[in-house]
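The sequence shown maps to residues 16 to 266 in the working numbering.
Where is the CB? At the ideal position from N, CA and C, for every residue including glycine.
Computed from a prediction, not measured in an experiment: that's the story for all the values here.
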Amino acid sequence: KTTTGSTSLVYMAEETAEVTASSEEALPNPQDDTPATPVAVPKAPATPPAAVTVPVVPTPPPSSVLAPAESQSALSAFSLGLQGGQSRTNITEPGFLTQLNFTSGGNVELHFVQNWSLQLEANYISKGYRGIDGLTQNEANLSYLEVPLFLKMRLPWSVLAPNVYAGPSVAYLHSAKITQSGTATDTTSTTNRLEYSFYVGAGLDLLISEKISIGASARYGWGLSDINSGSFQADIFNRVLQVLAGVQFRL
């Protein structure tokens with residue numbers, strides 16, 4: 016019995032020694048100078064950040080009254096208008112004073128080329144003069160139906176449109192009279208029925224909408240025909256300065 020127990024102890028000791036030896040083989044030797052082979056760990060590729068597209072909104076230019084107007088090709092070539100104002104009239108004979116009168120009428124305008132137009136008017140206008148002969152004051156009043164035809168050039172700005180114009184005019188005398196010391200004398204029969212004139216002027220239009228504008232203008236007219244019909248009377252010509260305001264409707 017004693018021998019058998021001793022044998023068992025020897026066998027267990029041998030097994031323990033084998034396990035210990037195998038464990039020591041599995042552990043790394045701290046005195047071993049051979050470097051350990053690094054293990055390469057694959058890197059995941061870096062994902063670039065998604066590009067953010069910002070839409071570019073064009074900045075509109077600042078609005079200005081000096082900006083060119085848009086094309087108005089869709090509008091009619093014709094426009095109708097009304098005008099009226101004050102006239103300061105006199106004659107070429109020296110020694111007479113300016114007389115304050117009025118004018119009013121209508122017009123039709125044909126826009127035939129960009130920035131250019133023809134304007135035909137029909138106006139009722141009073142012309143005349145004042146004079147002082149000693150203590151006597153006399154006054155001449157001549158009423159005409161006048162039809163001028165103007166060639167007009169307009170600068171096509173967006174809100175404000177300056178313009179210049181010029182053209183001839185023909186007028187038909189409706190009535191004429193001279194008043195002296197409160198007594199009126201009809202002089203229609205001694206006054207030429209037809210008068211020819213030439214005008215130059217300038218104005219400024221303000222665009223209210225695509226089809227409506229208001230404006231003001233000033234013009235000066237030279238009478239080209241003698242207002243006296245008598246052959247023994249001095250040649251007298253009218254002179255007119257008009258300041259007008261009006262409204263225009265584009266068809």
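Residue interval of the beta strand (DSSP E) (run including Ile106): Here the beta strand (DSSP E) through Ile106 covers 93-106.
Cβ-based neighbour list, Ser79, same chain, cut-off 6 Å, excluding 5 preceding and 5 following: With a pLDDT of 48 at Ser79, under the threshold of 50, the modelled position of that residue is not reliable, and no figure is offered here.
Asn207 versus Gly216 - alpha carbon distance: Going by the C-alpha atoms only, they are around 26 Å apart.
Sequence-distant residues of its chain with Cβ nearer than 6 Å to Arg254 (five each side left out): Closer than 6 Å at Cβ, skipping near neighbours: Asn105.
Cβ contact check for the stretch 191-208 and the stretch 238-252: 3 or more pairs under 8 Å: Short answer: they touch.
Rounded straight-line distance, which links the Cα of Leu133 to that of Lys226: Looking at the two C-alpha atoms, the distance is approximately 18 Å.
Candidates Val258, Thr113, Leu115, Met168, of which the one nearest His126 by Cα: His126 has its Cα closest to that of Met168, out of Val258, Thr113, Leu115, Met168.
Where the beta strand (DSSP E) containing Arg265 begins and where it ends: Taken as a continuous stretch (DSSP letters only), the beta strand (DSSP E) holding Arg265 covers 253-265.
Cβ separation of Tyr159 and Leu188, assumed to be a contact under 8 Å, to the nearest whole Å: 6 Å between Cβ atoms; contact.
Which of helix, strand or coil DSSP assigns to Ala249: In the displayed model, Ala249 falls within coil according to three-state DSSP, outside both helix and strand.
Whole-number beta carbon distance between Ile229 and Thr107, since they are thought to touch under 8 Å: About 35 Å separates the two Cβ atoms, so there is no contact after all.
Close-in-space but distant-in-sequence residues of the same chain around Gly236 (CB under 6 Å, 5 per side omitted): The residues are Ser212, Tyr214, Val255.
Other residues of its chain near Ala199: CB distance less than 8 Å, five sequence neighbours each side excluded: Lys192, Ile193.
C-alpha distance - Ala92 paired with Ala233, whole-angstrom precision: A straight line joining the alpha-carbon of Ala92 with that of Ala233 spans about 24 Å.
Residues sharing a beta bridge with Phe165, DSSP: Phe165 pairs with Gln134.
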